[in-house]
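Report on the following structure.
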Amino acid sequence: MTHATGRKYLRPGVLPHMWCAGCGIGTMLGALLRAFEELDYSRADTVVVTGIGCTGKLDDYLLTNALHTTHGRALAYATGIKAFRPHLNVVVVMGDGDSVNIGGNHFIHACRRNIGLTAIVLNNFNFGMTGGQASATSPEWSFTSTTSYGNPERAFDICALAEVAGANYVARSTPGHGWEMQGLIKRALANRGFSLVEVISPCPTHFGRRNDMPETVQSLRWLKQHAVPVERYRGLAAAERQGCFPIGTLVERDEPDFSTNYSRVRARAAEGRPA
Ligand SMILES: Cc1ncc(C[n+]2csc(CCOP(=O)(O)OP(=O)(O)O)c2C)c(N)n1
Numbered sequence: 031m032t033h034a035t036g037r038k039y040l041r042p043g044v045l046p047h048m049w050c051a052g053c054g055i056g057t058m059l060g061a062l063l064r065a066f067e068e069l070d071y072s073r074a075d076t077v078v079v080t081g082i083g084c085t086g087k088l089d090d091y092l093l094t095n096a097l098h099t100t101h102g103r104a105l106a107y108a109t110g111i112k113a114f115r116p117h118l119n120v121v122v123v124m125g126d127g128d129s130v131n132i133g134g135n136h137f138i139h140a141c142r143r144n145i146g147l148t149a150i151v152l153n154n155f156n157f158g159m160t161g162g163q164a165s166a167t168s169p170e171w172s173f174t175s176t177t178s179y180g181n182p183e184r185a186f187d188i189c190a191l192a193e194v195a196g197a198n199y200v201a202r203s204t205p206g207h208g209w210e211m212q213g214l215i216k217r218a219l220a221n222r223g224f225s226l227v228e229v230i231s232p233c234p235t236h237f238g239r240r241n242d243m244p245e246t247v248q249s250l251r252w253l254k255q256h257a258v259p260v261e262r263y264r265g266l267a268a269a270e271r272q273g274c275f276p277i278g279t280l281v282e283r284d285e286p287d288f289s290t291n292y293s294r295v296r297a298r299a300a301e302g303r304p305a
């Protein structure tokens, strides 16, 4: 990130950040702020809403408007902000626990409503801050602090969930693809409906050390080996897709967003003509 970007959006004196070596949250923060800069977002018109957890600490670093909310409820707060101040750029940054475990219901309905929020989900495959417990995105048979003999449950595909629930824009990236991530976040911010960017970044402290990736370099190597650009992924046979995941823009649509539809409701109400 350039000094100018840092000066514009980062609170003075906050670096070095608190996240563990090998964690992708810092890379994601850098990509987010560079995307803000490229879109010339003002601090006054930008609101970053977070939940609870390591990822939820991100708002501590920002000079934009920021709201640190309760676990699993960041999307509910952000929905309120966007519904009543539609001109604001509202970004919601959550962990996998925040977004699709405790916050799963809010997530589905934010997608369904297609409200113009940009959600960035840092999927580190576990509840990081509380000690690496299994979450709904821990891969099947992976080891976590609560699944010492392997996780017997299947994992959510967050992007597939967002797609079927109605999100306008869905993308996936990793900290091993920082520049691409910045471009995807920019496209997500530019979309008028609900946008999701999932960042797959195995928690080095809890997940990595239990799953043969104790060092940053191993985690990055794993990401490089398993993340496949979506154009290439679509051409792979089912057997070749095993263990891999597509990255890039997975869904891009221009369905009407909540604020556009709600402005019609307001116009009808002003004219006094209920259905
Ligand atoms: C309602 C509620 N339940 C549980 C907690 C305890 N808690 C704090 S952080 C956390 C884990 C967060 O995991 P995730 O959202 O995946 O974020 P990460 O720390 O992995 O970035 C939990 C369960 C809480 N603060 N509030």
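In this text, residue positions in the sequence shown follow the working numbering: the first is 31, and each later residue adds one.
Glycine included, every Cβ here is placed at the ideal spot set by N, Cα and C.
With 16 other Cβ atoms within 10 Å as the buried cut-off, status of residue i
{"i": "W49", "result": "buried"}
{"i": "Y39", "result": "buried"}
{"i": "K254", "result": "exposed"}
{"i": "A220", "result": "exposed"}
{"i": "V77", "result": "buried"}
{"i": "D70", "result": "exposed"}
Residue i: first and last residue of the uninterrupted alpha helix (DSSP H) it sits in
{"i": "G125", "result": "Unbroken run through G125 is the beta strand (DSSP E), 119-125; no alpha helix (DSSP H)."}
{"i": "A325", "result": "The chain is shown only over 31 to 305; residue 325 falls outside these bounds and no answer can be derived."}
{"i": "I188", "result": "188-195"}
{"i": "A297", "result": "288-301"}
{"i": "Y39", "result": "33-39"}
{"i": "R262", "result": "260-264"}
Whole-Å CB distance - residue i paired with residue j, under 8 angstroms assumed
{"i": "Y263", "j": "S225", "result": "Rounded, the Cβ-Cβ distance is 20 angstroms, inconsistent with contact."}
{"i": "Q212", "j": "R115", "result": "About 26 angstroms; that fails the 8 angstroms criterion."}
{"i": "A51", "j": "L105", "result": "Not a contact, Cβ separation roughly 30 angstroms."}
{"i": "G125", "j": "G86", "result": "7 angstroms"}
Distance, residue j Cα to residue i Cα
{"i": "N119", "j": "M159", "result": "28 angstroms"}
{"i": "S175", "j": "G127", "result": "15 angstroms"}
{"i": "Y179", "j": "F173", "result": "7 angstroms"}
{"i": "R296", "j": "G161", "result": "47 angstroms"}
{"i": "A96", "j": "D90", "result": "8 angstroms"}
{"i": "P46", "j": "T32", "result": "16 angstroms"}
{"i": "T35", "j": "E301", "result": "46 angstroms"}
{"i": "A195", "j": "V151", "result": "16 angstroms"}
{"i": "I132", "j": "G102", "result": "5 angstroms"}
{"i": "L191", "j": "A185", "result": "11 angstroms"}
{"i": "V281", "j": "P244", "result": "33 angstroms"}
{"i": "D242", "j": "N153", "result": "18 angstroms"}
{"i": "R298", "j": "R222", "result": "22 angstroms"}
{"i": "A201", "j": "T279", "result": "4 angstroms"}
{"i": "N156", "j": "H117", "result": "34 angstroms"}
{"i": "R239", "j": "S293", "result": "50 angstroms"}
Segment limits, beta strand (DSSP E) that includes residue i
{"i": "H98", "result": "95-98"}
{"i": "V78", "result": "76-80"}
{"i": "G278", "result": "275-282"}
{"i": "L226", "result": "225-230"}
{"i": "I132", "result": "Unbroken run through I132: none, as it is neither H nor E."}
{"i": "T148", "result": "147-153"}
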